[in-house]
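Beneath this line is the structure, given in structure tokens, with notes to follow.
2 protein chains.
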Amino acid sequence: MRDFLPADKARRERVLAVIRERYRVHGFDEIETPVVEEYARLHSGIGGDNEKLAFNILKRGMDADAVRAAADDQSALTDLGLRYDLTVPLARFYASNRASLPTVFRSIQIAPVWRAERPQKGRYRQFVQCDIDIIGDASARAEAELVVATLDTVDALGLEGGSVRINDRRALDWMLESFGFTQDERPGVLITVDKLDKIGPDGVAAELRRRGATPAAVDAFEAFLTRPVTLEYNPYGERQIRKALPQGAPHDVVAHLVGIGEAVAASRAEVDVPLVFDPFLVRGMGYYTGTIFELAHPSVSYSLGGGGRYDGMIGRFLGQEVPAVGFSIGFERIVDLVEAADAHGAAAIVLVHDRDVPVGELLALKAALVAEGSRVRLEQRTKNLKPLLERAASDGYTSFATVSAGATRDALEVKQLS
Amino acid sequence: MRDFLPADKARRERVLAVIRERYRVHGFDEIETPVVEEYARLHSGIGGDNEKLAFNILKRGMDADAVRAAADDQSALTDLGLRYDLTVPLARFYASNRASLPTVFRSIQIAPVWRAERPQKGRYRQFVQCDIDIIGDASARAEAELVVATLDTVDALGLEGGSVRINDRRALDWMLESFGFTQDERPGVLITVDKLDKIGPDGVAAELRRRGATPAAVDAFEAFLTRPVTLEYNPYGERQIRKALPQGAPHDVVAHLVGIGEAVAASRAEVDVPLVFDPFLVRGMGYYTGTIFELAHPSVSYSLGGGGRYDGMIGRFLGQEVPAVGFSIGFERIVDLVEAADAHGAAAIVLVHDRDVPVGELLALKAALVAEGSRVRLEQRTKNLKPLLERAASDGYTSFATVSAGATRDALEVKQLS
């Protein structure tokens, strides 16, 4: 977990403000849930592997006997935990507050989550997610609204050229079934398919054989992966989707994928739809039931976000099926790509004052500049001004003036910070 | 802990944006620390009573034997906790990052804290604090900058007329000593003095006698409290401060209080300085060493925030004394006083569409309105439009249009939401 110093924090808040504003314009409404959820809810199975990474909170008022009694069942030690994602809390929120929400509810959640992962480069135990979700709409319109809002937000951050890789879990499942993989082995096969980008078709086939998957199915899959075909990813459309899949893909799944493309195309000025069909995109979470996506950008090789449809989850809390689909921007990944330029256009001035300037005089001067719309920092003069002014510049200050006793606003000589 | 629905969340974010912007203009820089701090740091004694209210996080990977072994020393069960205030984390942050910070560091922290209190009206287990602190300045300039920035922020929220009650722990301590209370009994006496507003001079004297405080000291204190004197709280100045204290108050303490008033006066346009000297203001936290303040507003009887000087705390982490003073706005209290008016001036429109409008058409229409700068929500037409439009209005939408298949931007008939 990290401290954020002023320059970093200012940049983070600027990026969050842009994301919040763009999501909002697209008709999404921000909500907030407590960072702490009930232990039982965080460990109900729908959180997948993340459940193991939850930070759990010790029950208050446990005496020594109660602790000893809980030794063999640690769920008796803890009643709450820090959320590891924003999707489980959203499902709980929707079930609790449904009566006060629109029929189709478009939510924004911009908030930190926690995972007790081993520290490694680029992974943090506390990190911010920016999620938009649409609850109550089973049509391709929902996916299209998410994709359009996400790409518009990425554009607004100055990262034009983003695109979305898209697939459908139902297409994946149908494909694996058509090769002959049994229902039981398909989840394991998906784990291997997820490595296709890294280990290639040969690697995937070899790993599946090593894992003891149905041999004829592995052969059929390998033949499909290595077939001599050139995929044209653009334009995105029915022909390309069907060409990338084995023959006979289910009509409703293909139609849903095509519908998303048509709706995104209608929203965007470009000729090329910024969608790429990727029949081998998997996404880790077990709760996805349909469309899945990942946000790509030409400047980086890793994904900047992702999401998918999870029609089954809300029903777990509500006892009634409600369709839902979400898209999450990986804030910690995207914030480093955004230009550091200070968006605060207003003047920001450092008043470097002698030690003997009366406090009242100094604060009157500061108040006069604040009233003019400037941001003002006071600094007592040091022997060497250079480090002081450099730090101010890195904090976004644009000018400075030296102040001696008797100084007035009119006589102030303001110089640019280089 | 609470869920925030869209209208509440929007209002909270608007108020936070104003607070953040005003603090920033006054030369404060925002930082962020992890919500989780080390258990030992949260339980080092400086957090006072709040330490008992910390949520503690269970160590990861404890087996049954480890839990049993920890039964008699629960600090072995937990290594981390949720912060219960922003001051302890700030002291830790400053000690960790001092080399990268200005000599006088003015911080903003706007963030949630957690306390395991019994739920009661107006008290929450997760709540937001808005703190500004100045580290590295022992002069009255620091207090004055805090007071001016805080009052300006309250003004900017549309809550003009705020004022600050001010006292100094050294004055309190000197006063109790001058009456004859021993050093050992003074902390207990302060707890009783803190109730003066509620139980009056007679109640204070009675409670002190019941607690067995030095009888002569109680008599002297009672005589002082009930002396026939009319205090003029305004204008704030040396004469008023000396008149409110027993004779012979220490010069440096009075001069510091007077200095704050002069500097605040120089910053403000009003004739009356919005400061009230209150010689019996106590503030609960044990770590205060000098000035203490509370933010008052004529619209409410409770305080909207407070703070004080805590020159000893940073030294606990740094091993070197550094002066520090802070002022915190109680966000949960102030947010309810702020007008709910939507600050987003831009048009916000609901498109109520028939079920059969093609998705592409609908999203093209939405994109055209977004491009014009509008916020756009899609809603499928329901039999009774009224609840749908009322909810949209409460979420800040200002207009609506009905959309049938074949609709175009130019032909759209936009009506005001009443």
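Taken in order, these protein sequences are the chains called U and P. Using our numbering, the letters of the first sequence map in sequence onto residues 1 to 418. Using our numbering, the letters of the second sequence map in sequence onto residues 1001 to 1418. Quick reminder that beta carbons are idealized off the backbone N, C-alpha and C, glycines included. Keep in mind the model is a prediction, meaning the values are calculated, not measured.
**Study point:** Under 9 angstroms between C-beta atoms of U:Arg309 and U:Val322
**Key:** Sequence index remark: in the first sequence, residue 309 of chain U carries index 309 (1-based). Sequence index remark: in the first sequence, residue 322 of chain U carries index 322 (1-based). The answer is no: Cβ separation not under 9 angstroms.
Review point. In whole angstroms, what separates the C-alpha of P:Phe1055 from that of P:Asp1354?
Key: Looking up residue 1055 of chain P in the second sequence gives position 55. Looking up residue 1354 of chain P in the second sequence gives position 354. Near 50 angstroms, if we compare the C-alpha coordinates of P:Asp1354 and P:Phe1055.
Review point. If you drop the 5 nearest sequence neighbours on each side, which residues of the same chain put their C-beta closer than 6 angstroms to that of U:Asp79?
Key: For this step, residue 79 of chain U is matched to residue 79 along the first sequence. Taken in chain order, the residues that qualify are Tyr39, Lys59.
Check your understanding: Can you check whether the CB of P:Val1113 is closer than 9 angstroms to the CB of P:Leu1082?
Key -> Position 82 of the second sequence, counted from the first residue, corresponds to residue 1082 of chain P. Position 113 of the second sequence, counted from the first residue, corresponds to residue 1113 of chain P. Yes; because the gap between Cβ atoms is below 9 angstroms, this pair is in contact.
Review point. Pick from P:Arg1169, P:Asp1252, P:Phe1093: whose alpha carbon is nearest that of P:Gln1109?
Key: The count along the second sequence starts at 1 and reaches residue 1109 of chain P at position 109. Checking every option, the nearest Cα to that of P:Gln1109 belongs to P:Phe1093.
Practice item. Could you work out which residue in P:Val1352, P:Ser1374, P:Glu1339, P:Leu1362 is closest to P:Gly1158 when comparing CA atoms only? Key: Locating residue 1158 of chain P in the second sequence gives position 158, where the first residue counts as 1. Taking only the C-alpha atoms, the option nearest P:Gly1158 is P:Glu1339.
Exercise for review: Determine the DSSP secondary structure at U:Ala69, reduced to helix, strand or coil.
Suggested key: By 1-based counting over the first sequence, the position of residue 69 of chain U is 69. In this structure, U:Ala69 counts as helix in the three-state DSSP scheme.
Review point. Going by beta carbon distance, what residues of the same chain come within less than 8 angstroms of P:Met967, once the five residues before and after it are set aside?
Key: In the structure displayed, chain P extends from 1001 to 1418; residue 967 of chain P sits before or after that span and is not available.
Review point. Out of P:Arg1165, P:Pro1102, P:Arg1024, which has the shortest C-alpha to C-alpha gap to P:Pro1298?
Key: Taking the second sequence and counting its residues from 1, the one referred to as residue 1298 of chain P is at position 298. Comparing Cα-Cα distances from P:Pro1298 to each of P:Arg1165, P:Pro1102, P:Arg1024, the minimum goes to P:Arg1165.
Check your understanding: Curious, which full-length beta strand (DSSP E) runs of at least 3 residues does the segment 1131–1204 of chain P contain?
Key -> 1163–1168
Review point. Does DSSP put P:Leu1086 in a helix, a strand or coil?
Key: Against the second sequence, residue 1086 of chain P aligns to sequence position 86. Note: P:Leu1086 maps to coil in three-state DSSP.
Practice item. Output, in sequence order along the chain, the residues in the segment 77–93 of chain U whose CB is closer than 8 angstroms to any CB in chain P. Key: Leu77, Thr78, Leu80, Leu82, Phe93
Check your understanding: Hey, is U:Ser163's beta-carbon within less than 9 angstroms of any beta-carbon in chain P?
Key -> By 1-based counting over the first sequence, the position of residue 163 of chain U is 163. By this cut-off, U:Ser163 is not an interface position.
Check your understanding: What is the DSSP secondary structure of U:Pro112, counted as helix, strand or coil?
Key -> Within the first sequence, residue 112 of chain U is the residue found at index 112, counting from 1. Looking at U:Pro112 - three-state DSSP - the assignment turns out to be strand.
Check your understanding: Which chain P residues sit within Cβ distance under 7 angstroms of U:Glu38?
Key -> Locating residue 38 of chain U in the first sequence gives position 38, counting from the first residue. None at all; the shortest Cβ gap to chain P is about 11 angstroms.
Review point. P:Gly1307 and P:Asp1131: beta carbons closer than 9 angstroms?
Key: Taking the second sequence and counting its residues from 1, the one referred to as residue 1307 of chain P is at position 307. Taking the second sequence and counting its residues from 1, the one referred to as residue 1131 of chain P is at position 131. For P:Gly1307 and P:Asp1131, yes; Cβs fall inside 9 angstroms.
Review point. DSSP state of U:Ala393, grouped into three classes?
Key: Taking the first residue of the first sequence as position 1, residue 393 of chain U is located at position 393. U:Ala393: helix per DSSP, three-state reduction.
**Study point:** Residue nearest to U:Ser399 in terms of C-alpha spacing, selected from U:Ala371, U:Ile349, U:Asp356, U:Pro235
**Key:** Counting from one through the first sequence, the residue named residue 399 of chain U turns up at place 399. Of U:Ala371, U:Ile349, U:Asp356, U:Pro235, the residue nearest in Cα terms is U:Ile349.
Review point. At least one CB of chain P closer than 9 angstroms to the CB of U:Pro34: is that the case?
Key: Mapped onto the first sequence, residue 34 of chain U falls at position 34. Cβ-Cβ to chain P under 9 angstroms: yes for U:Pro34.
**Study point:** Segment contact, 8 angstroms Cβ cut-off, at least three pairs: the segment 1207–1219 of chain P with the segment 1247–1261 of chain P
**Key:** no
**Study point:** Residues that P:Leu1363 contacts on chain U, provided the C-beta gap is smaller than 8 angstroms
**Key:** Stepping through the second sequence from its first residue, residue 1363 of chain P is reached at position 363. Neighbours of P:Leu1363 on chain U, chain order: Arg141, Ala144, Glu145, Val148, Ala263, Val264, Ala266, Ser267.
Point to revise | Rounded straight-line distance, which links the Cα of P:Arg1020 to that of U:Glu13 | key: Reading the first sequence from its first residue, position 13 is the one you call residue 13 of chain U. Reading the second sequence from its first residue, position 20 is the one you call residue 1020 of chain P. Their backbone Cα atoms lie some 10 angstroms apart in a straight line.
**Study point:** Sequence-distant residues of its chain with Cβ nearer than 6 angstroms to P:Ala1144 (five each side left out)
**Key:** For this step, residue 1144 of chain P is matched to residue 144 along the second sequence. Excluding residues within five positions, the ones whose Cβ falls inside 6 angstroms are Ile1260, Ala1263, Val1264.
Point to revise | Buried or exposed by the 16-neighbour rule on C-beta atoms within 10 Å, applied to P:Pro1187 | key: Position 187 of the second sequence, counting from 1, holds the residue named residue 1187 of chain P. Under this definition P:Pro1187 is an exposed residue.
Review point. When you compare each of P:Asp1049, P:Ala1095, P:Arg1098 to P:Tyr1084 by their alpha carbons, which one comes out closest?
Key: Stepping through the second sequence from its first residue, residue 1084 of chain P is reached at position 84. Taking only the C-alpha atoms, the option nearest P:Tyr1084 is P:Asp1049.
Exercise for review: Work out the CA separation of U:Gly161 and U:Arg283 for me, nearest whole Å.
Suggested key: In the first sequence, counting from the first residue as 1, residue 283 of chain U sits at position 283. In the first sequence, counting from the first residue as 1, residue 161 of chain U sits at position 161. Between U:Arg283 and U:Gly161, the C-alpha separation is close to 22 angstroms.
Point to revise | For P:Thr1214: DSSP bridge partner residues | key: Stepping through the second sequence from its first residue, residue 1214 of chain P is reached at position 214. Its beta-bridge partners do not exist; DSSP assigns none.
**Study point:** the segment 144–156 of chain U in contact with the segment 25–39 of chain U per 3-pair CB rule at 8 angstroms
**Key:** yes
Point to revise | 9 angstroms Cβ cutoff, P:Ile1241 in contact with chain U | key: Along the second sequence, one-based indexing puts residue 1241 of chain P at 241. False, the Cβ-Cβ gap to chain U never drops below 9 angstroms.
Exercise for review: Just tell me which of U:Pro228, U:Met175, U:Ala64, U:Thr214 has its CA closest to the CA of U:Gly248.
Suggested key: Counting from 1 along the first sequence, the entry for residue 248 of chain U is found at position 248. Minimum Cα distance to U:Gly248 is reached at U:Met175.
Point to revise | Residues near U:Val36 by beta carbon distance below 6 angstroms, same chain, minus five either side | key: The residue labelled residue 36 of chain U in the question sits at position 36 within the first sequence. Cβ within range, chain order: Leu80.
Exercise for review: Using the Cα positions of P:Val1148 and U:Glu379, report the straight-line distance between them to the nearest angstrom.
Suggested key: In the second sequence, counting from the first residue as 1, residue 1148 of chain P sits at position 148. In the first sequence, counting from the first residue as 1, residue 379 of chain U sits at position 379. Rounded to the nearest angstrom, the two C-alpha atoms are 17 angstroms apart.
Exercise for review: Assign P:Thr1087 to one of two classes, buried (16 or more other C-beta atoms within 10 Å of its C-beta) or exposed (fewer than that).
Suggested key: Reading the second sequence from its first residue, position 87 is the one you call residue 1087 of chain P. Buried, because 16 or more other Cβ atoms sit within 10 Å of the Cβ of P:Thr1087.
Practice item. Please determine, among U:Asp173, U:Arg333, U:Lys415, the residue with the shortest C-alpha to C-alpha distance to U:Val352. Key: In the first sequence, residue 352 of chain U corresponds to position 352, counting from 1. Of the candidates U:Asp173, U:Arg333, U:Lys415, the one whose C-alpha sits nearest the C-alpha of U:Val352 is U:Lys415.
Practice item. For U:Glu238, count neighbouring Cβ atoms within 10 angstroms of its own Cβ and tell me buried if that reaches 16, exposed if not. Key: Reading the first sequence from its first residue, position 238 is the one you call residue 238 of chain U. It counts as exposed.
Review point. Taking 9 angstroms as the CB-CB cut-off, is U:Pro323 touching chain P?
Key: Counting from one through the first sequence, the residue named residue 323 of chain U turns up at place 323. Output row for U:Pro323: interface = no.
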